[in-house]
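J.: Quick one: this structure, given as structure tokens, is what I'll be asking you about.
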Amino acid sequence: MNILNFFIASVLSACPLLFGTLGETLTERSGNLNLGVEGMMFMGGIAGLAGSYYYETLSENPVVWVSVVIAIVCSFLCAAFGALIYSVLTITFRANQNVTGLALTIFGTGFGNFFGELLSNSAGGYAAVGNATKVAFNAPISATLASSSVVGKLLFSYNFLVYIALALALFLTYFINHTRTGLNLWAVGERHAAADAAGINVTRYKYLATCIGGGITGLGGMYIVMNSASGVGGVWVHNCISGYGWLSVALVIFAMWHPSRAIFASFVFGALSVARFYFPVSFLPDAIYEVVPYIATIVVLISVSMRSRRRLQPPASLGLAYFREER
Amino acid sequence: MSNTRHDVHEPLVRIAKRGEMAAWKMWIIRIAAIFLALLTGAVIILLLGHNPVAVYIDMVTGSLATKTSRVASMKIFIPLLGAAIAIAPAFRMRFWNIGAEGQILAGAIAATYFALFQYRNLARPVLLIVMFLAAAVAGGVWALIPAAFKARFDTNETLFTLMLNYVAVGIVKYLRMGPWRSPTSAGFPKIDMFDQSARLPLLFGVNIGWVLVLVLAVLMYVYIRYTKQGYELTVVGESVNTAKYAGMSVGRIIVRTAFLSGAIAGIVGFLIVSGSAYTLSDTTSGGYGFTAITVAWLAKLNPIVMIIITAFLAILTKGANTIQTNFKIPASASSVLIGLILFFMLGCEFFINFRLIFRKGKKHEVARL
């Protein structure tokens with residue numbers, strides 16, 4: 025039973041990472057290295073919470089599913105807005121991608137904490153979504169199936185966002201590898217100038233991929249805020265994203281820029297982050313156990329750079345700005 | 014052959030590279046960008062129902078008016094400027110060292126070791142110098158690891174240095190809860206406060222770290238502008254191929270510059286633990302490593318300009334604490350403002366480097382053979 029619980033806990037803590045990784049994978053496929061994931065997760069997190077909270081306080085009879093949908097839409101849009109700032113600066117104004125991404129992280133972190141505290145203050149110190157909404161974000165998708173058997177528990181004990189994340193991963197895999205638009209996007213990320221010459225609108229692809237990707241990472245932020253597995257849930261906690269965004273950036277590399285591998289990669293990291301609660305190793309102090317995911321990332325980084333298989337390389341134009349006039 | 018006339022389609026706006034712009038014009042554009050950012054901040058403050066002018070004035074007085082507040086502002090200024098100086102050579106080489114946080118901690122750990130366990134064995138000046146050197150070496154080594162892999166395998170240094178930040182935090186946590194845990198601390202595990210002899214002396218009420226970082230700023234300016242090594246790292250930053258063609262050992266330059274960058278960050282760690290915190294904790298690096306990146310970039314990696322930008326951001330950060338007390342505006346406002354300023358500054362560079370050419374009113378008619 026312990027193994028089963030460990031598996032479930034791993035999946036639950038992997039889900040925000042999966043959203044972050046998928047969003048950033050889409051972004052990086054267009055050649056944009058957006059280091060602002062942490063910031064966008066903050067923006068998505070607070071916007072989702074605020075949207076849901078204000079709907080519930082302003083409406084007389086709040087409907088749960090409306091509240092949930094509002095949270096999702098708000099978090100997506102707010103994070104996509106962050107990505108839009110990044111896009112305008114890096115694509116149109118040709119600013120340095122690294123620095124712009126860091127600026128977005130600084131801005132987004134401040135944005136989340138700032139409005140999170142304002143929201144709490146305005147509600148007299150504690151702004152939480154209603155219990156029904158909290159349950160909607162956390163309850164197993166099918167409680168009856170989840171309690172029916174071991175297989176049922178393994179397959180059905182997660183909240184609906186987990187399934188959305190998985191579906192998104194499969195969809196993005198199909199999209200990037202098998203659709204014309206996806207292959208065009210791939211071309212843009214590999215070589216801007218060649219894609220441009222082939223008649224692909226590089227600017228439009230970069231804008232869309234970055235903004236949609238940013239929106240997806242925002243859902244990860246909302247998940248962290250709404251999920252109660254690691255805390256209260258449905259309420260703003262200062263600095264709640266605490267590195268999940270950065271971990272997602274690393275996971276993109278771990279997954280070698282493939283959405284399907286992102287499922288496995290984020291599961292591994294989710295498992296690593298909860299492992300110490302299920303398999304305490306007596307000789308290994310907690311603090312060192314916590315560091316394992318980061319060391320794993322470093323090992324992967326090094327091994328990626330040492331090998332040169334073509335399918336497992338970053339997009340060739342990653343991090344480079346495209347100036348048509350400078351060809 | 015007949016002469017047919019075609020309309021040539023010309024886009025509304027064309028972008029062309031600008032030549033050199035006069036320095037004063039550049040700074041006018043940049044200052045205008047900062048002004049616009051503050052204006053945007055003012056709109057947010059206004060929407061919250063406060064008077065933006067009063068809030069901004071309160072930020073400045075809150076960080077400069079009294080001696081206590083000036084000392085508090087200086088405590089932000091010292092590590093921020095130090096970290097920005099640390100980042101300058103690495104960024105100039107296009108080595109994206111975003112691991113200053115970890116390097117600060119590495120330096121702080123090394124300095125703390127001597128402060129905790131060797132203070133009885135060493136005279137005060139010797140102890141402080143040993144702490145300084147140990148911090149520099151530890152910070153340097155922490156940056157050297159990713160640099161070596163960068164030089165050998167072209168491993169992505171952005172993420173490598175970033176991950177090492179978390180590893181450093183983990184080590185501090187481990188030390189705090191394990192071997193270095195203060196036996197007298199009940200409840201939350203802490204590391205002991207430093208002995209008086211391991212604390213930096215004061216000069217004009219502030220630890221002498223401020224002299225050190227100002228000297229470092231000048232030294233770094235000279236290093237980048239006027240030394241051979243500074244020239245080499247600039248060439249590597251501009252074009253690795255040019256550097257190779259000129260016979261430079263690129264790998265060695267990368268490793269050397271990264272070590273220097275990390276060493277200065279390590280010294281910042283020493284300044285924090287020995288100059289203001291007097292102990293080591295998980296939050297010793299306090300985000301300075303990240304904010305410093307923005308300082309360095311806003312200053313165009315010029316260490317002298319960094320002094321001004323750091324002073325500005327230090328006032329902003331300290332002032333944000335003041336307005337939290339006086340206006341109930343969360344202190345995170347400083348991050349929002351810093352982010353906004355960065356966005357505008359990054360955007361305004363475009364208008365410095367490029368020129369917009371608008372379509373002329375009348376359509377060109379071109380005769381084609």
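Sequence lines, in order, name chains A and B.
Add 24 to a position in the first sequence, counting from 1, and you land on the number used in our numbering.
Add 13 to a position in the second sequence, counting from 1, and you land on the number used in our numbering.
Beta carbons are placed, not taken as given, at the ideal position from N, Cα and C, and that holds for glycine.
Tell me whether the beta-carbon of Phe301/A lies closer than 8 angstroms to the beta-carbon of Pro317/A.
T.: For the purposes of this step, residue 301/A is taken as residue 277 along the first sequence, with counting starting at 1. For the purposes of this step, residue 317/A is taken as residue 293 along the first sequence, with counting starting at 1. Cβ atoms of Phe301/A and Pro317/A: not closer than 8 angstroms.
J.: With a threshold of 16 other CB atoms inside 10 Å of the CB of Ala99/B, please say whether the residue is buried or exposed.
T.: The residue labelled residue 99/B in the question sits at position 86 within the second sequence. The residue in question, Ala99/B, is buried, as its Cβ has 16 or more Cβ neighbours within 10 Å.
J.: Provide the residue span of the alpha helix (DSSP H) that contains Lys80/B, from first to last.
T.: Start at 1 with the first residue of the second sequence, and residue 80/B comes out as number 67. Lys80 to Arg105 is the extent of the alpha helix (DSSP H) around Lys80/B.
J.: Thinking C-beta only, is Ile240/A closer than 8 angstroms to Leu46/A?
T.: Residue mapping note: residue 46/A aligns to position 22 of the first sequence, counting from 1. Residue mapping note: residue 240/A aligns to position 216 of the first sequence, counting from 1. Going by C-beta atoms, Leu46/A is nearer than 8 angstroms to Ile240/A.
J.: Express the C-alpha separation of Ile122/B and Cys361/B in angstroms, rounding to a whole number.
T.: Taking the second sequence and counting its residues from 1, one reaches residue 361/B at position 348. Taking the second sequence and counting its residues from 1, one reaches residue 122/B at position 109. Their backbone Cα atoms lie some 40 angstroms apart in a straight line.
J.: Please identify the residue among Tyr231/A, His282/A and Pro40/A whose C-alpha is closest to the C-alpha of Thr49/A.
T.: Walking along the first sequence from the start, residue 49/A turns up at place 25. When each option's Cα is compared against that of Thr49/A, the closest is His282/A.
J.: Mapping the DSSP letters down to three states, classify Asn366/B as helix, strand or coil.
T.: Counting from one through the second sequence, the residue named residue 366/B turns up at place 353. Reduced to three states, the DSSP call for Asn366/B is helix.
J.: Count the other C-beta atoms from every protein chain shown that fall within 10 angstroms of the C-beta of Val68/B, then say buried if there are 16 or more, exposed otherwise.
T.: By 1-based counting over the second sequence, the position of residue 68/B is 55. That one is buried.
J.: Straight-line CA distance for Gly134/A to Asn134/B?
T.: On the first sequence, residue 134/A is found 110 positions in, with the first residue counted as 1. On the second sequence, residue 134/B is found 121 positions in, with the first residue counted as 1. Going from the Cα of Gly134/A to the Cα of Asn134/B covers about 45 angstroms.
J.: For Ala222/A, which of helix, strand or coil comes out of DSSP?
T.: Counting from 1 along the first sequence, the entry for residue 222/A is found at position 198. Ala222/A: coil per DSSP, three-state reduction.
J.: Any beta carbon from chain B within less than 8 angstroms of Glu314/A's own beta carbon?
T.: Counted from its first residue, the first sequence places residue 314/A at position 290. Yes, its Cβ sits closer than 8 angstroms to a Cβ of chain B.
J.: What does Ile130/A touch in chain B if you count any residue whose Cβ is under 8 angstroms from its own?
T.: Position 106 of the first sequence, counting from 1, holds the residue named residue 130/A. Ordered by position in chain B, the residues that pass the 8 angstroms Cβ test against Ile130/A are Phe303, Thr304, Thr307, Ser348, Ile351, Gly352 and Leu355.
J.: Run down chain D in chain order and give the residues with a C-beta less than 8 angstroms from the C-beta of Gly191/B.
T.: You won't find chain D in this structure, because its protein chains are A and B.
J.: Output needed in chain order: residues of the segment 133-162 of chain A with a Cβ under 7 angstroms from some Cβ in chain B.
T.: For the segment 133-162 of chain A, which is checked against every Cβ of chain B, the residues closer than 7 angstroms are Thr133, Gly134, Phe135, Asn137, Phe138, Glu141, Leu142 and Asn145.
J.: Classify Lys30/B as helix, strand or coil using the three-state DSSP reduction.
T.: The sequence position of residue 30/B within the second sequence is 17, counting from 1. It is a strand residue.
J.: Checking the sheet assignment: what are the DSSP bridge partners for Ile115/A?
T.: One-based indexing of the first sequence puts residue 115/A at position 91. Per DSSP, none; premise fails for Ile115/A.
J.: Taking C-alpha atoms, which residue in Ser195/B, Ser345/B, Ile351/B and Thr296/B lies nearest to Phe139/A?
T.: Within the first sequence, the letter at position 115 stands for residue 139/A. Phe139/A has its Cα closest to that of Ser345/B, out of Ser195/B, Ser345/B, Ile351/B and Thr296/B.
J.: Would you say Trp270/A faces chain B, with C-beta separation under 8 angstroms as the test?
T.: As a first step, residue 270/A is located in the first sequence; it is residue number 246 there, counting from the start. With 8 angstroms as the cut-off, Trp270/A counts as an interface residue toward chain B.
J.: Can you name the residues of chain A whose CB is closer than 9 angstroms to the CB of Asp71/B?
T.: Locating residue 71/B in the second sequence gives position 58, where the first residue counts as 1. Those within 9 angstroms of Asp71/B in chain A number zero; the least Cβ separation is about 17 angstroms.
J.: From the beta carbon of Trp109/B, is the nearest beta carbon of chain A less than 8 angstroms away?
T.: For the purposes of this step, residue 109/B is taken as residue 96 along the second sequence, with counting starting at 1. Taking Cβ atoms only, chain A reaches closer than 8 angstroms to Trp109/B, which makes this a yes.
J.: Within 8 angstroms of any Cβ in chain A, is that where the Cβ of Leu369/B sits?
T.: On the second sequence, position 356 is the one that residue 369/B refers to. Closer than 8 angstroms: no.
J.: Which residues in the same chain as Gly222/B place their Cβ atom closer than 7 angstroms to its Cβ, once the five residues preceding and following it in sequence are excluded?
T.: Residue numbering aside, residue 222/B sits at position 209 when the second sequence is read from its first letter. Around Gly222/B: Ile91, Leu213, Leu284 and Gly288.
J.: Exposed or buried, what is Thr171/B when buried is set at 16 or more other beta-carbons lying within 10 Å of its beta-carbon?
T.: In the second sequence, counting from the first residue as 1, residue 171/B sits at position 158. The residue is buried, with at least 16 neighbouring Cβ atoms inside 10 Å.
J.: Please check if any C-beta of chain B sits within less than 8 angstroms of the C-beta of Ala127/A.
T.: Within the first sequence, the letter at position 103 stands for residue 127/A. Chain B, which has a Cβ nearer than 8 angstroms to the Cβ of Ala127/A, makes this yes.
J.: What are the residues of the segment 151-172 of chain B that lie near chain A, defined by any Cβ-Cβ distance shorter than 7 angstroms?
T.: Against chain A - using a Cβ distance shorter than 7 angstroms - the residues of the segment 151-172 of chain B are Phe162, Phe166, Asp167, Thr168, Asn169, Thr171 and Leu172.
J.: Where does Glu33/B land, buried or exposed, given buried means 16+ other C-beta within 10 angstroms?
T.: Taking the first residue of the second sequence as position 1, residue 33/B is located at position 20. With fewer than 16 other Cβ atoms within 10 Å, it is exposed.
J.: Using only alpha-carbon positions, find the residue among Ser37/A, Phe30/A and Gly63/A that is nearest to Leu353/B.
T.: Within the second sequence, residue 353/B is the residue found at index 340, counting from 1. Taking only the C-alpha atoms, the option nearest Leu353/B is Gly63/A.
J.: For Trp155/B, which option in Phe272/B, Tyr291/B, Met358/B and Leu359/B has the closest C-alpha, if you only look at C-alpha atoms?
T.: As a position in the second sequence, residue 155/B is number 142, starting the count at 1. Answer by Cα proximity: Phe272/B.
J.: Thinking just about the alpha-carbon of each residue, which of Gly206/A, Gly176/A, Ser173/A and Glu80/A is nearest to the one in Ala156/A?
T.: Counted from its first residue, the first sequence places residue 156/A at position 132. For Ala156/A, the nearest C-alpha among the options comes from Glu80/A.
J.: Using 8 angstroms for Cβ pairs, my map puts Gly55/A next to Gly213/A. What's the rounded Cβ distance?
T.: Residue mapping note: residue 55/A aligns to position 31 of the first sequence, counting from 1. Residue mapping note: residue 213/A aligns to position 189 of the first sequence, counting from 1. Yes, Gly55/A and Gly213/A are in contact; Cβ-Cβ is about 4 angstroms, under 8 angstroms.
J.: Does Ala380/B come out as helix, strand or coil in the three-state DSSP assignment?
T.: For this step, residue 380/B is matched to residue 367 along the second sequence. Low local confidence applies: a pLDDT of 48 at Ala380/B is under 50, so the model's placement there is unreliable, with the coordinate-based value given in what follows. In the structure shown, Ala380/B sits in a strand (DSSP, three-state: E or B).
J.: If you follow the alpha helix (DSSP H) that Cys39/A is in, where does it begin and where does it stop?
T.: Start at 1 with the first residue of the first sequence, and residue 39/A comes out as number 15. Start and end: Asn26 to Arg53.
J.: Using a beta-carbon distance below 8 angstroms, is Gly267/A in contact with chain B?
T.: As a position in the first sequence, residue 267/A is number 243, starting the count at 1. Yes, Gly267/A lies at the interface with chain B (some Cβ there is under 8 angstroms from its Cβ).
J.: Closer than 7 angstroms between beta carbons: that is the criterion. Which residues of the segment 171-185 of chain B meet it against chain A?
T.: Cβ contacts with chain A come from Thr171, Leu172, Phe173, Leu175, Met176, Tyr179, Val180 and Gly183.
J.: CA-CA distance, Tyr150/A and Leu142/A?
T.: Indexing the first sequence from 1 puts residue 150/A at position 126. Indexing the first sequence from 1 puts residue 142/A at position 118. Going by the C-alpha atoms only, they are around 10 angstroms apart.
J.: For Phe371/B, which residues does DSSP report across the bridge?
T.: Within the second sequence, residue 371/B is the residue found at index 358, counting from 1. Val26/B.
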